[in-house]
Amino acid sequence: MTSPTDRPRRLRTTPAMRRMVAETSLEPRHLVLPMFVADGIDEPRPISSMPGVVQHTPDSLREAAVAAVESGVGGLMLFGVPAEGDKDAVGSVGTDPDGVLNSALRLLKSELGDSTVLMADTCLDEFTDHGHCGVLADDGTVDNDATLLRYAEMAVVQAQSGAHLVGPSGMMDGQVAVIRSALDDAGYTDTGILAYTAKYSSAFYGPFREAVGSSLRGDRKSYQQDPANLREAMRELELDLSEGADIVMVKPAMSYLDVLRRVADVADVPVAAYQISGEYAMITAAAERGWIDRDAAILESLTSIRRAGADIVLTYWAHEVADKLR
Ligand code: PBG
Numbered sequence: 001m002t003s004p005t006d007r008p009r010r011l012r013t014t015p016a017m018r019r020m021v022a023e024t025s026l027e028p029r030h031l032v033l034p035m036f037v038a039d040g041i042d043e044p045r046p047i048s049s050m051p052g053v054v055q056h057t058p059d060s061l062r063e064a065a066v067a068a069v070e071s072g073v074g075g076l077m078l079f080g081v082p083a084e085g086d087k088d089a090v091g092s093v094g095t096d097p098d099g100v101l102n103s104a105l106r107l108l109k110s111e112l113g114d115s116t117v118l119m120a121d122t123c124l125d126e127f128t129d130h131g132h133c134g135v136l137a138d139d140g141t142v143d144n145d146a147t148l149l150r151y152a153e154m155a156v157v158q159a160q161s162g163a164h165l166v167g168p169s170g171m172m173d174g175q176v177a178v179i180r181s182a183l184d185d186a187g188y189t190d191t192g193i194l195a196y197t198a199k200y201s202s203a204f205y206g207p208f209r210e211a212v213g214s215s216l217r218g219d220r221k222s223y224q225q226d227p228a229n230l231r232e233a234m235r236e237l238e239l240d241l242s243e244g245a246d247i248v249m250v251k252p253a254m255s256y257l258d259v260l261r262r263v264a265d266v267a268d269v270p271v272a273a274y275q276i277s278g279e280y281a282m283i284t285a286a287a288e289r290g291w292i293d294r295d296a297a298i299l300e301s302l303t304s305i306r307r308a309g310a311d312i313v314l315t316y317w318a319h320e321v322a323d324k325l326r
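Numbering (UniProt numbering), first residue to last: 1 to 326.
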């Protein structure tokens, strides 16, 4: 016989009971919507490996952003997709104030002001013709310190264009420090840094490469982390915190919940996690086949990412889920 004290099921008996004792909550403000804006398209362009996600025109971006903010999402993370012919070796469009990403930031800032948190991807891969996150040295490797100069310039233009937070995602050493001092020197002391602290070299980014029309051949293993490593993430965390990161992020989310837990246990700043394109695609594809319950799987995945320690979750379902939670 089970003893009267060995009955945890008592707290699972009714929906009201389960709701009352739930340890983890999911609210619209916890969710950040990543959005893509593309140059040179007249209509939103669907991303085939991410059904339901599109590359926006400026107009459709504005509309979708306003609707997402009305649903209560915590913020928006913007990615720019230049026209193919506008890419070059150093990703010039990324630092052009009139480039696709910076113009979109200005547009959203004028539309939304401070009513949401506007974030921008601070990385060169969308803008380079070789598709790497940095500039290349003569031998074809990614040149860390030359890339830092580009990131610093990019962050300042993004701040100027209205970003509340810049999001360095290239995993270059020293990126947070260089961006912090560039922002401060330019007078943007209030613009924060959402640091991609532990970003792994992941096969689950596949659909994103389509989303941004990536030109990458090869891989990012010389700058993104090896999926085998956890201790290394803690080293990255220490560096990012000492360099002035305002928020730290783990990415991807679902395959790295242990990393997220460890980071959340020690970080003294808010922690974010990115439920990436491949995670979106997997759930979407399985649901399309009728193999899993789509809505339940989405909620379970997001709740689990929160339970593992994320204060903030970047997810392509942010708007949809925020609407449901309201
Ligand atoms: C790099 C960047 C990537 C993602 C966000 N920022 C791609 C990469 O590192 O290859 C992936 C996001 C996703 O897969 O949803 N700028």
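Cβ atoms here follow ideal geometry from the backbone N, Cα and C, with glycine treated the same way.
Stretch-stretch touch, CB-based, cutoff 8 Å, three pairs: the segment 223-236 with the segment 275-282 = The segment 223-236 makes no contact with the segment 275-282: fewer than 3 CB pairs, one atom from each, lie closer than 8 Å.
Does the beta carbon of Ile276 fall short of 6 Å from some heavy atom of ligand 1?
-> yes
Check Ile276 in the structure and name its three-state DSSP category.
-> Coil.
Assigned secondary structure, Pro207 (DSSP; H/G/I helix, E/B strand, else coil) | helix
Would you say Ser49 touches ligand 1, meaning its beta carbon is less than 6 Å from a heavy atom?
-> no
Got a sec? Which residues, its chain only, sit under 6 Å from Gly94 by beta carbon, not counting five neighbours each side?
-> Leu124, Phe127, Met154
Would you kindly report the start and end of the unbroken alpha helix (DSSP H) that includes Gly94?
-> 92-95
Is it a yes or a no for the segment 264-274 touching the segment 308-317, going by three-plus beta-carbon pairs under 8 Å?
-> yes
Reference Val212, options Leu26, Arg9, Pro15, Ala38, closest by Cα = Ala38
Might you give, ordered along the chain, the residues of its own chain that have their beta carbon closer than 8 Å to the beta carbon of residue 331, omitting 5 neighbours on each side?
-> Lying before the first or after the last residue shown, residue 331 is absent from the chain, which here runs from 1 to 326.
Are the CB atoms of Ala322 and Val73 nearer to each other than 7 Å?
-> yes
For my contact list, Gly244 and Arg294 are in at a C-beta cut-off of 8 Å; report their separation, rounded to the angstrom.
-> That belief does not hold up - the Cβ atoms of Gly244 and Arg294 are roughly 40 Å apart, past 8 Å.
Can you give the Cα-Cα distance for Ser92 and Met20, rounded to whole angstroms?
-> 53 Å
How is Ile41 classed by DSSP in three states: helix, strand or coil?
-> coil
Should Thr122 go down as buried or exposed, given a rule of 16 or more other Cβ atoms within 10 Å for buried?
-> With 16 or more other Cβ atoms within 10 Å, it is buried.
Proximity of Arg217 and Ser201 at Cβ, strictly below 7 Å = no
In whole angstroms, what separates the C-alpha of Arg9 from that of Ser3?
-> 13 Å
Distance between beta carbons of Ala152 and Ala182, contact taken as under 8 Å = 4 Å
Chain-order list of residues whose beta-carbon lies under 8 Å from that of Glu23 (same chain, five-residue window excluded) = Arg307
Any idea what DSSP makes of Asp173, helix, strand or coil?
-> coil
Tyr151 beta carbon near ligand 1 (any heavy atom closer than 6 Å) | no
Cβ-Cβ distance between Val157 and Pro97 below 7 Å | yes
Limits of the unbroken beta strand (DSSP E) element including Met249 = 247-251
Is the beta carbon of Met171 less than 7 Å from the beta carbon of Asn144?
-> no
Out of Pro46, Val32, Arg45, point me to the one whose CA is closest to Met77's CA.
-> Val32
What number of angstroms, rounded off, separates the C-alpha of Arg150 from the C-alpha of Ala137?
-> 14 Å
Comparing the CB of Phe208 with every heavy atom of ligand 1, is any distance shorter than 6 Å?
-> yes
Considering only the beta carbon of each residue, do Leu298 and Trp317 sit closer than 7 Å?
-> Checking the sequence, you will find Ile at residue 298 rather than Leu. Yes, the Cβ-Cβ distance between Ile298 and Trp317 is below 7 Å.
Tyr274 CB to nearest chain B CB: under 7 Å?
-> This model lacks chain B altogether, as it is built from one protein chain only.
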